[in-house]
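For the protein sequence lines, the chains are D and R, in the order given. Numbering-wise, the first sequence is residues 94 to 251 according to this note's numbering. Numbering-wise, the second sequence is residues 94 to 251 according to this note's numbering. C-beta atoms are modelled at their ideal positions from N, C-alpha and C, and glycine is treated no differently.
2 protein chains.
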Amino acid sequence: MESFRGRFTNKIDAKGRVSLPAKFRSVATSQGLNGVVCFPSFQGSFIEGSGPRFADEIAQMLQRLDPFSSERDMLASVLIGDSAELMFDSDGRIVLPEELRAHAGIADEATFVGLGEKFQIWEPKAFEAFRAEALEKARAHGDLLKSPAALPPVGGAR
Amino acid sequence: MESFRGRFTNKIDAKGRVSLPAKFRSVATSQGLNGVVCFPSFQGSFIEGSGPRFADEIAQMLQRLDPFSSERDMLASVLIGDSAELMFDSDGRIVLPEELRAHAGIADEATFVGLGEKFQIWEPKAFEAFRAEALEKARAHGDLLKSPAALPPVGGAR
DNA sequence: CGGGACATCATGGAATAACATGGGAAAGCT
DNA sequence: AGCTTTCCCATGTTATTCCATGATGTCCCG
């Protein structure tokens, strides 16, 4: 199963165009879409992105919630209402909508971080800060690597 | 199950290419990938590497966490975002990205150390120092190794 | 037991392809 | 018309592919 992996920082030109890293592009196209799905994170100042497969999974997760609950509506308004399907141009670039760029504080450079089935888009300096923190947490959780069996059971984390 | 075994030191050319030891190569290909997955160790100045099987185990471990939890994002950004899938060229070489080389302090030579299901890549002199220390610790903790017959059934190894 | 033929492997360099990026022309929108 | 968005082409850089060489090992046969 191909997945989003690695970290790449690309420039955004005057028209708002930015190259999606070629390796990410091939993951998305292998899932049957000539583009990616992006939406603002509700956890921080960055953009979440994925191929169509994970985007469909999100939609299914929403459908399992109570159709008229306010929780479902709020999640859906972000995950679906604020999401955008960004298609590649003939050179593999996408245009990040102003809304998304503002949410992530992105000006003229964007850092793409592969996270497996999804990826994130950060303002480079903001990501550096996040990464330093993440590295610390990972070091603390380093023992998980030695025995994955020690993880909480499925769905048990938050 | 084939595993990474032995120690080899190879040269890195001007383009960052280095031959993966043939014996390591056959382990990776037998796992179904014509390449290896590498990421910077967060325990020291060396590179961790493995075949696709171990890399998939990590990915599956992460998938057991909630898809948008900060815990998962942090672990994934370190374990996957900092990793690279390095494919063999037709001569069995990989290209070590500048970032990984910098992390390990590697210039023009790299030492590959087999560790079973994974391996490590060191700057040769740094490894010599580490090895001297490891030898001492092995002497001190050799009694930790028990006969397999004395171990609990499955899941005890890793 | 020795020698050679052959295969495997590490390594170097050059040709080639892929990629990120910038600019301009054409096509919508308002 | 004036603006924005999309498409197309140009360019420099980086990565990938291809071929050549020497070294080391391995196997077979004398």
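Approximately 4 Å separates the beta-carbon atoms of R/G142 and R/C131; this is inside 8 Å, confirming the contact. For the segment 211 to 231 of chain D, the set of positions with a beta-carbon nearer than 8 Å to some beta-carbon of chain R reads K211, Q213, F223, R224, E226, A227, L228, K230 and A231 in chain order. Within chain R, the residues placing a beta-carbon under 7 Å from that of D/H234 are L168, ordered along the chain.
Taken in chain order, the whole beta strand (DSSP E) runs of length 3 or more contained in the segment 148 to 197 of chain R are 177 to 180 and 186 to 188. Counted as a single uninterrupted DSSP element, the beta strand (DSSP E) harbouring D/P133 occupies residues G128 to P133. Taking C-beta atoms as the reference points, D/I199 and D/F205 fail to come closer than 7 Å. Contact check for R/K116 and R/G137: beta-carbon distance about 24 Å, past the 8 Å limit, so the pair fails to qualify. Its Cα nearest to that of D/S176, the residue D/E191 stands out among D/S162, D/E191, D/E164 and D/G185. Per the Cβ contact rule, the segment 145 to 155 of chain D is in contact with the segment 166 to 185 of chain D (3 or more Cβ pairs under 8 Å). At a cut-off of 7 Å between beta-carbon atoms, D/G142 makes no contact with chain R.
Judged by DSSP secondary structure, R/A227 falls outside any beta strand (DSSP E) and instead within the alpha helix (DSSP H) spanning P217 to H234. Restricting attention to D/M154, D/M167 and D/L189, the CA atom closest to the CA of D/L113 is found in D/L189. Between the C-alpha atoms of D/E210 and R/E229 there is a straight-line separation of about 42 Å.
Straight-line measurement puts the Cα of R/G109 at about 20 Å from the Cα of R/F220.
Look at R/S143 here: in three-state DSSP terms it is strand. Spatial neighbours of D/H196 in its own chain (CB-CB distance under 6 Å, excluding positions within 5 residues in sequence) are listed in chain order as P133. Secondary structure of R/S112 (DSSP, three-state): strand. Listed as beta-bridge partners of R/R100 by DSSP are R/V206.
Short of 8 Å from the beta carbon of D/S96, and not among the five residues preceding or following it, lie these beta carbons of its own chain, in chain order: V120, G207, G209 and E210. D/I105 sits away from D/A222, with the two beta carbons spaced by 7 Å or more. By the neighbour-count criterion, in which 16 or more other beta carbons inside 10 Å mark a residue as buried, D/R194 falls on the buried side.
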